[in-house]
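Number of protein chains: 2
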Amino acid sequence: MSYTIHEVAQKMGISTYTIRYYHDHGMLPFVKRDENNNRVFDDNDLEWLNIIVCLRATGMPVERIHHYLDLVQEGECTVPERYEMMKTQQERTLSEITALNKHLSTINFKVDHYADIIENNKPDMFVPTNLRDKPTTDQTA
Amino acid sequence: MSYTIHEVAQKMGISTYTIRYYHDHGMLPFVKRDENNNRVFDDNDLEWLNIIVCLRATGMPVERIHHYLDLVQEGECTVPERYEMMKTQQERTLSEITALNKHLSTINFKVDHYADIIENNKPDMFVPTNLRDKPTTDQTA
DNA sequence: TACCCCCTTCGACCTACTTGAAGGCAACCC
DNA sequence: GGGTTGCCTTCAAGTAGGTCGAAGGGGGTA
Chain A
1 MSYTIHEVAQ KMGISTYTIR YYHDHGMLPF VKRDENNNRV FDDNDLEWLN
51 IIVCLRATGM PVERIHHYLD LVQEGECTVP ERYEMMKTQQ ERTLSEITAL
101 NKHLSTINFK VDHYADIIEN NKPDMFVPTN LRDKPTTDQT A
Chain B
1 MSYTIHEVAQ KMGISTYTIR YYHDHGMLPF VKRDENNNRV FDDNDLEWLN
51 IIVCLRATGM PVERIHHYLD LVQEGECTVP ERYEMMKTQQ ERTLSEITAL
101 NKHLSTINFK VDHYADIIEN NKPDMFVPTN LRDKPTTDQT A
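Protein chains in written order, with full-length UniProt numbering: chain A, 1 to 141; chain B, 1 to 141.
Right under this line is the structure:
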């Protein structure tokens, strides 16, 4: 199967601008062109793009992803380095999820607090203005 | 208690550059100055900063955070809008965590795959070069 | 007085897009 | 056949959110 840049954008949930950016920066080495110079993507390109999206979404810089793709093309002897990269990315992603869960509980606390005020019409009347609804720490929520 | 910008940076896990950036952009309205024009932070400032960090980390643009802080200062009548903002942020954060978990399973699959190759010295010998170690979709992992 | 360290402001730089301008090719409509 | 639509191209400029360097000042200690 072959796809236009718009089809790929829709499938992957990213913009055509972003795809062109990745292509222009050498991260999609197998993409072909048709007779009008338009980019033509196949399933292999989609799989490359899928892993690019995965690594970007988990915070790997474009330059590192480029390096990883180079390693893949260099063959088996680069497996240990690739392993280390993925290990690092795994740990980073786990900490990111942990951090987001902490922040989520802070936000949950706010949502509940506001819901309470709205439902029970219960303003914090005895607290000075600049301390009303003061931000909470992650721990309190 | 009062704190220097460096103490605050350490406590919050962000750089002094970032704190100055937030202050310069009006997001820390209560920060004082000492006789040498140095910024002086108190516990109330820390709590504001804590929620700024929480909202930024969960993807809220600086401009929206600024708006939220304005709402807090305007008083009780803005509670419904603040509630909507936090609801939106809650949903966004939940989807972000879901997405990260999907990406994590892709990465886990890679890590396991590489570990297998390294431990068992088992190259994918019968697969053509540009398909070796091809990226997997989130579903396969 | 010299040195060191931390602070300040201002402006430049960086990453990863995002958008705009200018123009080409093709397909449809009348 | 000419006009319009619509997608594509390239290249350059703009944006968000920091990040950093230069230049300079204050204060403490030797």
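Using N, Cα and C, we set each Cβ at its ideal position, and we do this for glycine too.
A:R92 is the residue among A:G26, A:R92 and A:T78 whose C-alpha sits nearest the C-alpha of A57 of chain A. In the three-state reduction of the DSSP assignment, S15 of chain A falls in the coil class, being assigned neither a helical nor a strand state.
Residue range R39 to D42 is occupied by the beta strand (DSSP E) that includes D42 of chain B. Taking 9 Å as the CB threshold, N120 of chain B stays off the interface with chain A.
P29 of chain A and Y114 of chain B have their alpha carbons spaced roughly 23 Å apart.
Spatial neighbours of D24 of chain A in its own chain (CB-CB distance under 8 Å, excluding positions within 5 residues in sequence) are not present.
Residues of the same chain with a CB within less than 7 Å of the CB of N121 of chain A, apart from the 5 flanking positions on each side, do not exist. Residues of chain A with a Cβ closer than 8 Å to the Cβ of N37 of chain B do not exist, since the nearest Cβ in that chain sits about 23 Å away. For Y114 of chain B, the closest Cβ of chain A is nearer than 9 Å. If you draw a straight line from the Cα of T88 of chain B to the Cα of N108 of chain A, it is about 11 Å long. By DSSP's assignment, S2 of chain A forms a beta bridge with A:D42. If you ignore the 5 residues before and after V53 of chain B, its C-beta comes within less than 7 Å of the C-beta of M12 and I14, all in its own chain and listed in chain order.
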